[in-house]
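So the first sequence is numbered by this note's numbering: it starts at 158 and just counts up by one.
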Amino acid sequence: MSETFRAPIGTQDVLPPDSHRWQILVSTFADVAARYGYGLVHGPMFEDIGVFLRLGAGTDVVRKEMYDFHDKGDRHVALRPEATASVARAYVQHRPVTPWKVWCVTPVFRYERPQAGRLRQHHQVDVEVLGEADPDVDVEVIALGADYLAALGLRRWRLVINTMGTPADRAAYARTLTEWLRDRAADLPAEDREKVESHPLRVLDSKRPETQEVVADAPRIADVLDQGSRDHFARVQEGLRALGIPFEIDVRLVRGLDYYTHTLFEFQSEALETAQSTVIGGGRYDGLVEQLGGPPTPGIGFGSGIERMLLACDAEGVLPPPESVLDVFVVDVTGGAAARDLAQELRAAGLRTDRAFGGRSMKAQMKVAGRSGARVAVIVGEQELAEGTATVRDLRLGEQQTVPRDELVARVRRMVEAE
RNA sequence: GUGACCGUAGCUCAGUUGGCUAGAGCGUCAGGUUGUGGCCCUGAAGGUCGGGAGUUCGAUUCUCCUCGGUCACCCCA
């Protein structure tokens with residue numbers, strides 16, 4: 158009977174004033190995306206599960222982390238485990254003119270064990286460009302990410318890039334690597350040994366030191382890339398250098414989604430002490446649209462976790478302290494009708510206004526007014542009510558004056574605007 | 001999915017070698033003024049000591065299970 162509930166494991170409520178910080182991130186991202194000419198897209202938070210299965214059977218996100226279920230019409234659907242597949246599906250469905258440059262904000266669901274910087278429902282801002290294979294697009298997308306970090310005021314991060322080449326390059330490399338690893342499997346920890354046949358690339362970026370020792374002189378992807386892939390990657394590096402965006406190449410950077418081709422990149426916060434430090438991650442996915450039933454269409458994009466970016470912002474102390482969300486607070490000890498009417502009048506004039514309810518004492522109402530952060534209190538007592546006036550108090554200076562009602566809005570506005 | 005640590009009021013935490021009505025600070029609410037906040041003083045509300053089972057004369061304190069939290073692995077934003 159008195160059972161209580163909490164937010165589900167790995168989810169969180171975002172309440173004021175913290176929700177304000179969210180808005181800062183999203184609006185900052187929106188500004189940057191607009192500066193690059195990207196349009197906003199909204200889409201369903203769930204899709205036919207087939208959309209996500211195209212991410213690849215070797216992907217944990219698909220294999221074991223999906224929130225999937227059968228709806229009342231027995232359709233097998235899944236909550237978004239990432240944004241790219243949904244956007245690609247929308248592209249196939251609507252066939253917009255290319256290059257299609259879009260961004261979105263979306264919740265993302267993954268059935269994982271939560272830890273610092275990782276949730277079962279988190280939120281991402283995301284950009285995607287479909288229909289353009291030019292390596293300059295890779296550069297633009299990465300530059301957009303760097304500008305986002307800069308706009309937030311973050312300085313302690315590094316950009317790591319790598320290339321997977323074409324799907325053929327990738328497959329060839331995986332074969333080469335498997336063969337090479339087979340001979341050394343005995344030296345690998347059991348967890349990584351299991352991946353030799355199934356996901357050889359994942360052995361490369363294992364965190365285990367024993368594995369890193371073995372893999373140190375493994376064959377490199379660069380050794381199998383075709384000329385086109387080499388040229389593409391070279392052009393990306395050239396672009397980043399030209400734009401003054403510092404980066405490092407990490408030949409062991411793999412990333413978990415199977416659909417990546419050519420350029421892969423991650424922005425990692427160096428201010429975060431946690432194990433999860435990637436704040437932006439993405440790459441090119443030239444085969445994905447085709448796998449979703451569309452025409453051969455190149456694509457590239459990245460996702461950036463809002464919660465994790467907030468952790469990075471905290472670690473660098475870059476977000477401004479929350480400012481007051483109110484201009485005026487109306488105190489009325491004559492029954493509340495005056496507060497009701499004056500508050501609406503002030504709001505109609507564009508002033509951010511709140512009031513006390515419940516007919517509390519003036520002292521109690523003043524306390525709420527003080528706590529509200531409003532610059533001005535408008536006070537109506539029996540005296541003001543009788544003479545058609547209101548008392549206007551500057552809560553910061555502690556000075557007040559009684560003015561006729563028809564001068565109220567103008568007076569309050571002047572005080573709010575005054576420094 | 002695996003492992004470690006943790007679980008006392010809304011929040012941050014005391015506490016008892018197992019034993020009378022479980023405490024503090026902050027917060028909330030009400031007073032200290034006849035119409036006034038931020039400081040100060042007083043008081044009040046608020047906890048089945050996460051839940052269940054066991055050991056015991058007796059458990060918030062010991063054991064087990066479970067749920068939840070945190071962090072790490074895995075994986076990823």
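Backbone N, C-alpha and C fix where the C-beta goes; we use that ideal spot for every residue, glycine too. This one's a predicted model, so the numbers in the text were calculated from it and none came from an experiment.
If you check the CB distance, E544 and T491 do not come in under 7 Å.
Beyond the five residues adjoining it in sequence on each side, V198 comes within less than 8 Å, by CB distance, of V244, A247, V259, W260 and C261 in the same chain, given in chain order.
If you draw a straight line from the Cα of V208 to the Cα of L449, it comes to about 7 Å. Secondary structure of E556 (DSSP, three-state): strand. Look at the segment 264 to 314 and you find these whole runs of beta strand (DSSP E), each 3 residues long or longer: 278 to 287. Residue environment analysis places G439 among the buried positions, since at least 16 neighbouring C-beta atoms fall within 10 angstroms of its C-beta.
Rounded to the nearest whole angstrom, the C-alpha separation of E395 and R465 is 30 Å.
Looking only at D304, T548 and Y224, the smallest Cα-Cα distance to Y193 is reached by D304. For R332, the uninterrupted alpha helix (DSSP H) run begins and ends at P324 to R339, by DSSP. About 58 Å separates the Cβ atoms of D484 and S386, ruling out a contact at the 8 Å cut-off. Beta-bridge annotation (DSSP): G456 is paired with L287. Shown here, G439 sits in a strand according to DSSP, grouped into three states. Spatial neighbours of V537 in its own chain (CB-CB distance under 8 Å, excluding positions within 5 residues in sequence) are listed in chain order as V487, V488, D489, V490, T491, A495, A496, L499, A547 and T548. Per DSSP, the beta bridge partners of H227 are H233. Residue range D175 to R192 is occupied by the alpha helix (DSSP H) that includes T185, with no beta strand (DSSP E) assigned at that position.
Distance from the Cα of Y416 is smallest, within the candidate group T320, R377 and W337, for T320.
For H419, there is no enclosing alpha helix (DSSP H); the enclosing beta strand (DSSP E) covers residues T418 to S426. In the structure shown, P366 falls within a helical segment according to DSSP collapsed to helix, strand and coil. In this structure, the beta-carbon distance from Y330 to I378 falls below 7 Å. In the DSSP assignment, V566 falls within the alpha helix (DSSP H) that extends over L565 to E574. For A547, the three-state secondary structure derived from DSSP is strand.
DSSP, read as helix, strand or coil, puts I406 in strand.
Linking R277 to K221 through their CA atoms gives a straight-line distance of about 13 Å.
Contact between T263 and Q250 does not hold, since the beta-carbon distance rounds to 17 Å and is not under 8 Å.
D217: member of the alpha helix (DSSP H) spanning D217 to R220, first to last residue. Within its own chain, the residues whose Cβ lies closer than 8 Å to the Cβ of E502, once the five positions on either side in sequence are excluded, are L565 and V566, listed in chain order. Sixteen is the threshold: when 16 or more other Cβ atoms of the shown chains lie within 10 Å of the Cβ of Q522, as they do, the residue is buried. Under the DSSP assignment, T161 falls outside any alpha helix (DSSP H); it carries neither an H nor an E label. Taking every protein chain shown into account, the CB of L554 has fewer than 16 other CB atoms within 10 angstroms, so this residue is exposed. Closest by C-alpha distance to G230, out of I437, F422 and D205, is D205. Residue pairing by DSSP places V488 opposite I536 in a beta bridge. Straight-line spacing of the CA atoms in Y224 and V218 works out to 10 Å.
The three-state secondary structure of E204, taken from DSSP, is strand. The segment 365 to 379 makes no contact with the segment 267 to 277: fewer than 3 CB pairs, one atom from each, lie closer than 8 Å. Restricting attention to R568, D563 and P561, the CA atom closest to the CA of D551 is found in R568. For R313, the closest of G196, A428 and M202 by C-alpha to C-alpha distance is A428.
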